[in-house]
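Here's the structure we're looking at; comments come further down.
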Amino acid sequence: MSKTIYTFRVLVDTAEEEDVFRDIAIEADAPFEQLHLAIQDAFGFDNSQMASFYLADEYWDRGQEIALMDVSSGDEPVLTMGTTPIN
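For the sequence shown, this note's numbering assigns the number 10 to the initial residue and increments by one for each residue that follows.
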């Protein structure tokens, strides 16, 4: 049985005229944390900053946050990268 692999093209805003991007392939059932670490590694980032992914609709309107870690006050459930699969 083959696994589903997603390929993400990740762009970084720079002052340069050319786009800086990396293509990252990752298994569909991997947690968002694995994608986060792959992005950090691909661009040589030091992983010292907080980060989040956001779900979006077809118009790219920002939806629910998938946070690196749960820093909420506990009132609402928070999706975290370590426990939320990409698929």
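We put the CB at the ideal spot given by N, CA and C, even for glycine.
Count the other CB atoms, across all protein chains shown, that sit within 10 Å of the CB of Leu-20; report buried if there are 16 or more and exposed otherwise. exposed
Taking the beta strand (DSSP E) that Phe-62 falls in, what are its first and last residues? 61-65
Is the stretch 28-37 in contact with the stretch 88-96, if contact means three or more CB pairs nearer than 8 Å? yes
Which term fits Phe-41, buried or exposed, when burial requires 16 or more other beta carbons within 10 angstroms of its beta carbon? buried
So, under 8 Å CB-CB, His-45 and Ala-60 are touching, yes? Tell me the CB distance rounded to an integer number of Å. 6 Å
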